[in-house]
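Student: The sequence shown begins at 68 in our numbering and counts up one residue at a time. What follows is a structure written as structure tokens; I'll ask about it next.
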Amino acid sequence: MLFQRPSRLSTRKSGIQCKRLIVFHNGSHRRVILLCRSRFAIFALSISLRVLASWQVAHNRPIPRFWHQSEVGSIAKSIVERRGFASPYDERQPTAWIAPIYPCVVAFVFRIFGTFSAASTYFLVSLNILFAGLTSVAVYATGERVFGANVGTFAGLLWAFCLPDAVMPLLIWDTCLSALLLTTGFLLSLALEHSSSYRQWGGAGLFWGGACLVNPSLIAPLFFFWVFFWLCGWKSGKNLWRQATLSVVLFLGVLGPWLVRNYRVFGKPVFVRSNLAAELYFGNLGFDSHPFSPTMEYQRLGEMAYVAEKRQLVLQYVENNFSDFAKRSLYRVVEFWTVPRIAQPYWTVMSLLCFAGLILAFREDRFKAVPFLIVFLTYPIVYYVSYVFPKYRHPIEPLMMVLSAYALVTTIHFGRQRIWESRRALRPPVVERNKFRPGSKSR
């Protein structure tokens with residue numbers, strides 16, 4: 068018959084199959100969750116997406132376009148040719164316009180694969196992709212340490228799937244390395260909160276010294292980190308001034324050789340980079356006299372005199388046009404958190420989520436939020452008063468992902484809790500029935 072009633076045996080078989088399907092579904096679901104929580108899986112996903120995006124954009128790109136007006140490439144070439152750390156704008160002069168470590172890395176690659184060759188270019192892009200992949204692991208570890216495993220997983224996935232940053236490795240600059248160093252340094256600094264270990268404090272000082280020689284902007288929050296974590300130890304009854312002093316001494320010890328070189332070459336104290344005043348001038352008065360421009364001011368005056376002249380001009384501008392400078396700076400504050408225009412909706416949303424996560428973290432535990440607040444208050448200052456490019460925000464974007472993930476996970480948890488409470492409220496009250504009728508005798 069067409070509508071024959073199923074037998075008990077067939078019903079039992081179908082029930083067994085259904086249970087097997089449920090068990091299989093639950094098992095595969097657990098495997099997916101465990102895979103997403105794997106640091107290696109997040110690392111591999113981050114690498115794969117950046118390789119695909121970079122190949123899609125650059126597979127037909129001529130090699131010279133990677134090196135157009137590249138200060139790093141010019142300095143690396145002079146190192147390979149044994150002319151020292153020469154200026155990218157005038158090979159006859161020494162320079163401190165760029166921090167030393169990344170040009171030395173590029174010079175090492177040039178020596179192996181050839182100067183400005185295709186092999187060197189693709190190797191450096193691959194190295195940037197590796198830095199981005201390692202950053203995903205640091206993002207995961209930071210989120211897990213501060214907010215728990217769920218936030219760590221979510222933050223790592225946000226970083227891996229950050230499509231606007233997927234082509235950042237094509238920029239042969241210290242940008243990807245800076246993001247890795249700042250996130251790792253942040254994670255190492257968190258370990259100092261209740262630590263009295265000389266090894267941890269000294270290691271943090273050495274690490275931040277190396278990071279400063281890659282990008283001096285990265286150490287903007289460092290002094291406040293030292294003070295905050297020293298106060299945390301003091302509050303818990305530990306006097307950590309010796310450990311903090313050791314960290315400062317080792318930090319300066321790493322910088323020492325480069326600072327001595329600058330003093331011997333230029334005859335005056337110069338911190339890691341010499342171009343801060345010039346960058347302030349370019350951001351507020353224009354790039355017409357940039358060292359690459361036809362004015363040849365840099366080549367005529369020399370680096371130190373050129374920077375001194377720009378310092379004097381920009382200070383006069385700020386003194387005489389402070390209101391205009393303040394308006395420009397306020398505009399750059401907004402611009403810093405939303406550039407580039409092509410991805411402005413994405414970064415606007417991510418910045419709002421980041422600040423929401425910061426507020427939620429303060430409400431839960433202000434000691435968790437203070438290190439993030441220190442970074443977001445100190446790192447962008449130099450760009451607020453000069454000029455903004457997307458690559459300048461990139462080093463703090465991993466920490467933005469952590470706070471954005473915390474905001475999303477907290478919102479999802481709150482929403483699920485409210486749904487569960489509303490469903491519980493809609494259930495009819497359970498009335499317990501009497502086991503025996505009135506008047507009946509119990510047996």
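Ideal Cβ placement from N, Cα and C applies to all residues, glycine included.
DSSP three-state label for F70, please.
Tutor: The residue labelled residue 70 in the question sits at position 3 within the sequence shown. Because F70 carries a pLDDT of 40, less than 50, the predicted location of this residue cannot be relied on, and the following value inherits that uncertainty. Reduced to three states, the DSSP call for F70 is coil.
Student: Starting from A216, trace the alpha helix (DSSP H) in both directions and tell me its first and last residue.
Tutor: To locate residue 216, count along the sequence shown from 1; it is residue 149. DSSP places A216 in the uninterrupted alpha helix (DSSP H) bounded by A216 to A227.
Student: For L466, which of V172, R491, H480 and V437 has the nearest alpha-carbon?
Tutor: Against the sequence shown, residue 466 aligns to sequence position 399. It is V437 whose Cα lies nearest to the Cα of L466.
Student: Quick one: Cα of A492 to Cα of I479, how far?
Tutor: Mapped onto the sequence shown, residue 492 falls at position 425. Mapped onto the sequence shown, residue 479 falls at position 412. Each residue's alpha carbon lies about 20 Å from the other.
Student: Do P283 and A143 have their beta-carbon atoms positioned less than 9 Å apart in this structure?
Tutor: Position 76 of the sequence shown, counted from the start, is the residue given in the question as residue 143. Position 216 of the sequence shown, counted from the start, is the residue given in the question as residue 283. Cβ atoms of A143 and P283: not closer than 9 Å.
Student: Taking the beta carbon of E464 as the centre, do at least 16 other beta carbons fall within 10 Å, making it buried, or is it exposed?
Tutor: Here residue 464 refers to the residue found at position 397 when the sequence shown is read from its first residue. By the 10 Å Cβ count, E464 comes out buried.
Student: Helix, strand or coil: how does DSSP classify P324 here?
Tutor: Residue numbering aside, residue 324 sits at position 257 when the sequence shown is read from its first letter. Three-state DSSP puts P324 in a helix.
Student: Have a look at W404 and T415 and give me their C-alpha separation to the nearest angstrom.
Tutor: Along the sequence shown, one-based indexing puts residue 404 at 337. Along the sequence shown, one-based indexing puts residue 415 at 348. When rounded, the distance between both Cα atoms is 7 Å.
Student: By DSSP, does A428 sit in helix, in strand, or in coil?
Tutor: In the sequence shown, counting from the first residue as 1, residue 428 sits at position 361. Helix, per DSSP.
Student: Please state whether DSSP places A372 in a helix, a strand or coil.
Tutor: Reading the sequence shown from its first residue, position 305 is the one you call residue 372. Of the three classes helix, strand and coil, the one that applies to A372 here is helix, per DSSP.
Student: For A227, I'd like the list of residues in its chain whose CB is within less than 8 Å of its CB, leaving aside the five on either flank, ordered along the chain.
Tutor: What you label residue 227 is simply residue 160 of the sequence shown in a count that begins at 1. Correct list, in chain order: I109, L112, S113, L116 and S203.
Student: Exposed or buried, which one is V381 when buried takes at least 16 other CB atoms within 10 Å?
Tutor: For the purposes of this step, residue 381 is identified with residue 314 of the sequence shown, where counting begins at 1. The residue is buried, with at least 16 neighbouring Cβ atoms inside 10 Å.
Student: Looking only at its chain, what residues have a beta carbon closer than 8 Å to the beta carbon of R494, apart from the 5 residues adjacent to it on each side?
Tutor: Indexing the sequence shown from 1 puts residue 494 at position 427. So the list is empty, once near-sequence residues are dropped.
Student: Give the DSSP bridge partners of P447, in chain order.
Tutor: Taking the first residue of the sequence shown as position 1, residue 447 is located at position 380. None, per the DSSP bridge assignment.
Student: Exposed or buried, which one is D391 when buried takes at least 16 other CB atoms within 10 Å?
Tutor: By one-based count along the sequence shown, residue 391 stands at place 324. By the neighbour-count rule (16 or more Cβ atoms within 10 Å), D391 is not buried but exposed.
Student: Helix, strand or coil: how does DSSP classify A166 here?
Tutor: Here residue 166 is taken as the residue at index 99 of the sequence shown, counted from 1. Three-state DSSP puts A166 in coil, outside helix and strand.
Student: Among V213, A271 and N195, whose alpha-carbon lies nearest the alpha-carbon of C431?
Tutor: Your numbering for residue 431 matches position 364 in the sequence shown. A small correction: the amino acid at residue 431 is Glu; Cys does not occupy that position in the sequence shown. For E431, the nearest C-alpha among the options comes from V213.
Student: With C-beta atoms as the reference, is L285 less than 9 Å away from L238?
Tutor: Residue mapping note: residue 285 aligns to position 218 of the sequence shown, counting from 1. Residue mapping note: residue 238 aligns to position 171 of the sequence shown, counting from 1. Taking 9 Å as the cut-off, the Cβ atoms of L285 and L238 do not count as close.
Student: Can the beta-carbon of G252 be found closer than 9 Å to that of A278?
Tutor: For the purposes of this step, residue 252 is taken as the residue at position 185 of the sequence shown. For the purposes of this step, residue 278 is taken as the residue at position 211 of the sequence shown. For G252 and A278, yes; Cβs fall inside 9 Å.
Student: Sorted by chain position, which residues of the same chain lie with C-beta nearer than 7 Å to L88's C-beta, five sequence neighbours on each side aside?
Tutor: To locate residue 88, count along the sequence shown from 1; it is residue 21. For L88, the predicted structure reports a pLDDT of 40, less than 50, and the residue's modelled location is therefore unreliable. A value from the coordinates is still provided. Annotation for L88: no residue places its beta carbon closer than 7 Å to its own, counting only its chain and skipping 5 residues before and after.
Student: Between the Cα of T220 and the Cα atoms of A410, I179, W240 and A205, which residue gives the shortest distance?
Tutor: As a working note, residue 220 is residue 153 in the sequence shown. Measuring from the Cα of T220, the nearest candidate turns out to be A205.
Student: Check whether the region 327-337 touches the region 120-131, taking contact to mean three or more Cβ pairs, one atom from each stretch, closer than 8 Å.
Tutor: no
Student: If we count the other Cβ atoms within 10 Å of its Cβ and call it buried at 16 or more, is H461 buried or exposed?
Tutor: By 1-based counting over the sequence shown, the position of residue 461 is 394. Classification for H461: buried.
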